[in-house]
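**Q** When the sequence shown is numbered by our numbering, its final residue is 356 and no position is left out of the sequence of numbers.
Here it is, the structure in full.
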Amino acid sequence: MKVLVTGVAGFIGFHTAKALLARGDEVIGVDCVNDYYDVTLKEARLAQLAAQPGYAFVKLDLADRPGMARLFAEHRPARVVNLAAQAGVRYGITNPTSYIDSNISGFLNILEGCRHNGIEHLVYASSSSVYGANTRMPFSVHDSVDHPVSLYAASKKANELMAHSYSHLYRLPTTGLRFFTVYGPWGRPDMAMFLFASKILAGEPIDVFNHGRHTRDFTYIDDIVEGVVRTLDTVAAPNPEWSGKAPDPGTSLAPYRVYNIGNNQPVALMRLIECIEAALGRTAEKNFLPMQPGDVPDTYADIDALSDAVGFRPSTPIEVGVERFIAWYKSYYGKN
């Protein structure tokens, strides 16, 4: 089928597009290729996709309303995977408007394109950040998420609410995926694993926030992509047992679903650092610091709903995933 993948120059978008092309789908990739992080890395991802049969790239900002309308009208995708967004929890403290432009206005343009062009299914990126001040573990899609602690998280919660309104009003099937700390080859330079590797290899100290007491549900990219593709193939349907008297946040009488997509095995930050040190054969000098604004101490995904719906079962241990990431990092950057 023909699939529109937004954020195709990004980490998850790139890998998702590769997987869809590998199984024979046609992919229309969209990205504005902004400079939030290293554009060279984004262009290297795009170069890998460019040679693939069945792939076309459109450089476009999701906030460009006329451009997005033309995109849908000209390419007529059957399904959409929206992975474009202004990412980063801390970036919102100094650049809040970028989240509104991309994550709110841009997402509205996606919804309008789906509404007016008969899209069969919209799968979109939400985030584990929506759990905000929640502390009950593991995080469940059946819990309320009304206390975000960053603007990024608030924008992702807004996406879920916007999607539900379109599912209700226009019967547009939508599925939101709350990603939990994705890592692996071709990853984002602003993420901890990338920052740790680069500083350790440079002989520089690494900043360890919350004095190393974080835990994160680190999820390897191959597991994530398998879950995204399986979800795309499983069109969201109404929950006939849903009740307004006891509303379930994860489902609806509309064709709307929200799932956690994580490893279901949180890892202590200090254990992650040990794995990176082992893969690099070097010991890090650690600079222990307080927790940063917008961060949460722990994340832990309850993935039962996604497992039941599409058979999602992550299978990559942190030790294996880190070794694969470090091997790619050293190869890509020519490090020894």
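Ideal placement from N, C-alpha and C gives every residue a C-beta, glycine not left out.
1) What ranges does the alpha helix (DSSP H) occupy inside the stretch 69-135, keeping only unbroken runs of at least 4 residues that lie completely in it?
2) In the stretch 175-233, which residue ranges form an unbroken beta strand (DSSP E) of at least 3 residues, counting only runs that do not cross its ends?
3) Please report the residue range of the beta strand (DSSP E) in which L142 lies.
4) Would you call the stretch 206-218 and the stretch 271-281 touching, i.e. three or more CB-CB distances under 8 Å?
5) Taking a contact to mean a Cβ-Cβ separation below 8 Å, would you say I281 touches R198 in this structure?
6) Does the contact criterion of 3 or more C-beta pairs under 8 Å hold for the stretch 223-239 versus the stretch 251-270?
7) Who are the near neighbours of W348 in its chain, counting only those whose CB is closer than 6 Å to its CB and skipping five residues on each side?
8) Which partner residues of K306 appear in the DSSP bridge assignment?
9) Please say whether S175 and Y119 have beta carbons closer to each other than 8 Å?
10) Using 8 Å as the cut-off, can you tell me whether the stretch 235-255 makes contact with the stretch 282-300, which would need three or more C-beta pairs spanning the two stretches below that distance?
11) Please report the distance separating the alpha-carbon of Q223 from that of E343.
12) Please list the segments of the alpha helix (DSSP H) lying wholly inside the stretch 31-68, counting only runs of 4 or more residues, in order along the chain.
13) Rounded to whole angstroms, what is the Cα-Cα separation between R96 and L82?
**A** According to the data block:
1) 85-95, 111-114, 116-119
2) 194-199, 226-228
3) 141-147
4) no
5) yes
6) no
7) P205, listed in sequence order.
8) Answer is I226.
9) yes
10) yes
11) Contrary to the premise, residue 223 reads as Gly rather than Gln in this sequence. Roughly 19 Å separates the two Cα atoms.
12) Taking only runs of at least 4 residues, the alpha helix (DSSP H) segments lying wholly in the stretch 31-68 are 31-42.
13) 16 Å
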